[in-house]
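Have a look at the structure below, then the notes.
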Amino acid sequence: MFAYLVKRVFQAIAVMFVISVIGFAIQGNLGDPLRELVGQSVSEETRQQLRDELGLNDSFMTQYLRFAGNALQGDLGTSYFFKEPALDVILKKLPATLELVMGATIIIIGLSVPLGVYTAIKPDSILSRIIMGLSIIGISIPVFLTAIMMIYVFSVEYGWFPSYGRGDTVPVFGYWETNFATADGWMHIILPSFALASIMLPLFIRLIRSEMMEVLQSEYVKFAKAKGINPRRIYFLHALKNTLLPVITVGGVQIGTMVAYTILTETVFQWPGMGFMFLEAVNRVDTPLIVAYLIVVGFIFVVTNTIVDLIYGLVNPTVNIARMGA
Amino acid sequence: MSLLSVRDLTVKFAMRENTVTALNGISFDLAKGERLGIVGESGAGKSITGFALMNLLSRPGYIDHGEIMFEGEDVVSMNDKQLRNMRGNRMAMIFQDPMVTLNPVLTIGQQMIETLMAHRKLSREEARKIAIVKLREVYIPSPEERLDQYPHELSGGMRQRIIIAIALLLDPQLIIADEPTTALDVTIQADIMELLLELCQSNQVGLILITHDLGVVSQMTERTLVMYAGRIIEAGRTREIINDPQHPYTQGLINALPQQTLPGHRLKQIPGNMPSLTNIPQGCPFNPRCEYATDLCRTRIPEISHFGEVEVACHEVQRLQSNDARREAKA
Chain X
43 MFAYLVKRVF
53 QAIAVMFVIS
63 VIGFAIQGNL
73 GDPLRELVGQ
83 SVSEETRQQL
93 RDELGLNDSF
103 MTQYLRFAGN
113 ALQGDLGTSY
123 FFKEPALDVI
133 LKKLPATLEL
143 VMGATIIIIG
153 LSVPLGVYTA
163 IKPDSILSRI
173 IMGLSIIGIS
183 IPVFLTAIMM
193 IYVFSVEYGW
203 FPSYGRGDTV
213 PVFGYWETNF
223 ATADGWMHII
233 LPSFALASIM
243 LPLFIRLIRS
253 EMMEVLQSEY
263 VKFAKAKGIN
273 PRRIYFLHAL
283 KNTLLPVITV
293 GGVQIGTMVA
303 YTILTETVFQ
313 WPGMGFMFLE
323 AVNRVDTPLI
333 VAYLIVVGFI
343 FVVTNTIVDL
353 IYGLVNPTVN
363 IARMGA
Chain C
14 MSLLSVRDLT
24 VKFAMRENTV
34 TALNGISFDL
44 AKGERLGIVG
54 ESGAGKSITG
64 FALMNLLSRP
74 GYIDHGEIMF
84 EGEDVVSMND
94 KQLRNMRGNR
104 MAMIFQDPMV
114 TLNPVLTIGQ
124 QMIETLMAHR
134 KLSREEARKI
144 AIVKLREVYI
154 PSPEERLDQY
164 PHELSGGMRQ
174 RIIIAIALLL
184 DPQLIIADEP
194 TTALDVTIQA
204 DIMELLLELC
214 QSNQVGLILI
224 THDLGVVSQM
234 TERTLVMYAG
244 RIIEAGRTRE
254 IINDPQHPYT
264 QGLINALPQQ
274 TLPGHRLKQI
284 PGNMPSLTNI
294 PQGCPFNPRC
304 EYATDLCRTR
314 IPEISHFGEV
324 EVACHEVQRL
334 QSNDARREAK
344 A
């Protein structure tokens with residue numbers, strides 16, 4: 043177990059290294075940091091002097107090592123716009139984004155498993171056909187369009203849900219502001235969560251359905267039937283457990299991807315998370331903030347994938363974590 | 014009264030364009046504790062017969078008509094609940110490939126205990142005890158530990174023993190074994206067959222052994238059915254069928270055994286292939302491969318009828334017999 047953990051952590055570090063190189067390379071090539079700092083009224087001489095002071099004339103390697111060293115100490119540079127450490131800016135926005143992802147994940151898990159299983163067991167029923175048809179539509183429509191349509195229908199026409207913002211939030215664990223503590227917070231997070239889930243949910247329904255249909259054809263399901271086992275037990279224990287193994291792997295990657303999808307959802311719903319912040323940072327050419335965002339999202343991606351791999355090992359008996367990597 | 018009595022069992026497959034008949038009016042009986050072999054080439058309908066007896070055909074296959082009387086009840090007309098009560102309890106099945114028969118994510122214990130608890134009111138501990146007893150019966154070493162292991166931790170031979178133990182868990186009247194050793198090592202095949210024979214004999218369990226191995230049939234069974242293209246073409250006591258086959262197809266099968274050829278000579282074979290079910294020739298389905306075929310064979314399907322000790326479906330069997338007699342007289 044320990045050896046496997048160490049191996050996975052080393053892999054994660056390698057991935058983070060690549061992300062940091064890419065992030066840093068962007069920083070060096072995305073506009074002139076000096077222009078952002080001092081504007082145009084400063085003479086060329088002063089500029090050169092400032093460049094030297096800031097270390098911008100050093101070699102790429104030296105600059106990268108300085109950047110990586112600072113990053114390891116939690117210093118990802120200072121945002122030009124907020125005049126604050128970039129990491130602090132992001133961490134302030136992080137809870138909003140993570141709660142949105144959490145909301146979407148709950149919707150995806152809660153709906154995709156029963157719907158996927160149902161459509162696999164009864165592939166010819168009318169309801170299954172409707173679900174499969176809707177899922178194609180869901181996959182095909184871009185998130186921002188789904189979001190706008192949802193706002194139009196549920197906020198503008200019916201007025202059931204608010205159309206923007208986080209509403210009433212309550213601080214927990216110090217700085218973390220949560221939506222899940224007040225009714226108003228719940229109302230605000232429902233639409234954005236569904237919008238964010240709108241692509242992944244159909245994808246997961248289809249994934250679970252096809253995996254389940256394959257498993258239902260397997261010899262061990264036939265054998266379970268030949269043993270006289272109750273069909274409900276066959277579906278929800280024998281078949282579902284085997285179905286979910288590949289789904290877990292894909293799911294881990296998708297949670298990371300969803301963090302990236304929040305850029306669109308947050309923008310449409312004016313959700314004060316880091317996706318919305320990222321788009322603003324791009325508009326303001328706030329390079330340190332952009333780079334910090336990339337690295338934080340990369341970090342979340344790597345961490346979720348590592349955790350999912352560990353969970354997979356625990357669920358799948360044929361992966362023996364204790365012996366792996368030894 | 015016989016344990017199992019099958020009459021005119023016909024299985025069809027609903028394909029996209031047409032319906033294919035995979036089993037064509039199969040009839041046979043099995044007495045309590047009797048062991049019956051079903052032999053034939055791949056595609057003859059052996060496995061389909063096995064699954065049909067359990068009423069466990071998966072789509073698009075279905076029982077078109079016929080009767081399967083098992084312990085006085087018709088399996089064909091049973092509802093789901095009755096079928097569930099019968100399967101694994103009174104009639105059990107052993108599958109072909111032990112590597113894929115057990116569920117990879119459930120422990121051996123879970124898979125055994127659930128079978129017991131599906132049919133009997135038992136506590137988990139009681140079921141566990143029975144499972145251990147049954148694992149001992151199939152010579153699994155340290156059965157207590159095996160119960161907590163997953164299938165992938167065990168060898169193929171060990172898994173097939175466990176599958177046999179699962180089949181025997183509820184002391185069924187009939188076990189259907191669908192080529193139980195084809196996926197196993199040759200050295201283990203004999204062990205498994207011996208075990209199966211021993212258990213069936215000592216518990217008075219009826220056995221239907223589906224195989225293409227005539228050697229196995231002769232060791233294991235008392236009676237044999239020979240199938241070809243979804244029909245029974247020869248049936249009778251195993252000894253008679255092996256020693257004195259009547260149908261040209263059965264003769265071909267037996268001549269094809271390596272023991273029937275002198276060392277250094279080419280092995281004999283039956284020319285051609287089994288026809289596909291969508292394209293069964295007119296008349297006797299075997300006629301294109303049969304050296305004795307006549308015009309009658311090419312036009313009319315032979316009925317199965319008694320001939321001496323066995324039942325045969327062949328127009329020419331009488332002539333063949335006299336040929337043999339003449340040949341023997343000459344020699």
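If you're matching them up, the sequences are chains X and C in order.
If you're matching positions, the first sequence starts at 43 in my numbering and goes up one per residue.
If you're matching positions, the second sequence starts at 14 in my numbering and goes up one per residue.
Glycine is no exception: its CB is placed at the ideal position from the N, C-alpha and C atoms.
Just so it is clear, the structure is predicted and the values come from calculations on it, not from any experiment.
Residues of its chain near residue i, where Cβ-Cβ distance is below 7 Å and the 5 sequence neighbours each way are ignored
i              : result
M174 (chain X) : T161
G145 (chain X) : I231, S235
V155 (chain X) : I250
F186 (chain X) : L306, V310
R29 (chain C)  : none
Straight-line Cα distance separating residue j from residue i
i              : j              : result
E150 (chain C) : I175 (chain C) : 10 Å
I276 (chain X) : Y303 (chain X) : 36 Å
Q90 (chain X)  : I193 (chain X) : 51 Å
V310 (chain X) : P204 (chain X) : 13 Å
G170 (chain C) : D198 (chain C) : 8 Å
N92 (chain C)  : M99 (chain C)  : 11 Å
D110 (chain C) : S197 (chain X) : 58 Å
I172 (chain X) : M255 (chain X) : 18 Å
R48 (chain C)  : R332 (chain C) : 32 Å
Q162 (chain C) : G56 (chain C)  : 36 Å
A368 (chain X) : I55 (chain X)  : In this prediction, A368 (chain X) scores a pLDDT of 35, lower than 50, which makes its location untrustworthy; the coordinate-derived value is nonetheless stated afterwards. Going from the Cα of A368 (chain X) to the Cα of I55 (chain X) covers about 19 Å.
F52 (chain X)  : G340 (chain X) : 15 Å
L47 (chain X)  : V350 (chain X) : 12 Å
M366 (chain X) : A45 (chain X)  : Low per-residue confidence applies at M366 (chain X): pLDDT is 47, beneath 50, and the placement is therefore not dependable, though the value from the model is reported in the following sentence. Near 7 Å, if we compare the C-alpha coordinates of A45 (chain X) and M366 (chain X).
K207 (chain X) : V60 (chain X)  : A small fix is needed here, since residue 207 (chain X) is Gly in this sequence, not Lys. Cα-Cα distance, rounded: 35 Å.
V80 (chain X)  : E219 (chain X) : 35 Å
I178 (chain X) : L153 (chain X) : 16 Å
F320 (chain C) : R236 (chain C) : 16 Å
E199 (chain X) : G158 (chain X) : 31 Å
Residues that residue i bridges to, as DSSP identifies them
i              : result
M106 (chain C) : C:I189
I61 (chain X)  : Beta-bridge pairing links I61 (chain X) to no other residue.
Y200 (chain X) : None, per the DSSP bridge assignment.
S18 (chain C)  : C:D42, C:M82
W228 (chain X) : The partner list for W228 (chain X) (beta bridge, DSSP) is empty, contrary to what the question assumes.
G249 (chain C) : C:T237
I51 (chain C)  : C:I223, C:L238
T34 (chain C)  : C:K25
W218 (chain X) : X:V214
D93 (chain C)  : None, per the DSSP bridge assignment.
Three-way DSSP call (helix, strand, coil) for residue i in this model
i              : result
D77 (chain C)  : strand
K25 (chain C)  : strand
L378 (chain X) : The structure shown does not extend to residue 378 (chain X), since chain X is modelled only from 43 to 368, so the question has no answer here.
M240 (chain C) : strand
I349 (chain X) : helix
I223 (chain C) : strand
M174 (chain X) : helix
M366 (chain X) : At M366 (chain X), the pLDDT of 47 sits below 50, so the modelled position is not reliable and the matter cannot be decided from this model.
F299 (chain C) : coil
N272 (chain X) : coil
A223 (chain X) : coil
E158 (chain C) : helix
S318 (chain C) : strand
R248 (chain X) : helix
D87 (chain C)  : strand
P258 (chain C) : coil
G170 (chain C) : helix
V327 (chain X) : coil
P127 (chain X) : strand
Sequence-distant residues of the same chain with beta carbon closer than 6 Å to residue i, five excluded per side
i              : result
R108 (chain X) : none
V57 (chain X)  : V344
I61 (chain C)  : V24, A35, L36
Sequence-distant residues of the same chain with beta carbon closer than 8 Å to residue i, five excluded per side
i              : result
V289 (chain X) : F246, L249, I250, E253
Y152 (chain C) : R174, L208
T23 (chain C)  : T34, L36, N37, G38, I39, I76, D77, H78, G79
I64 (chain X)  : L336
Rounded distance between the beta-carbons of residue j and residue i, thought under 8 Å
i              : j              : result
N347 (chain X) : V292 (chain X) : So it is not a contact: roughly 11 Å between Cβ atoms.
E308 (chain X) : G317 (chain X) : 4 Å
Y122 (chain X) : D328 (chain X) : 5 Å
Residue i beta carbon near the ligand GTP (any heavy atom closer than 7 Å)
i             : result
R97 (chain C) : For the ligand GTP, the structure offers nothing, since it holds no ligand at all.
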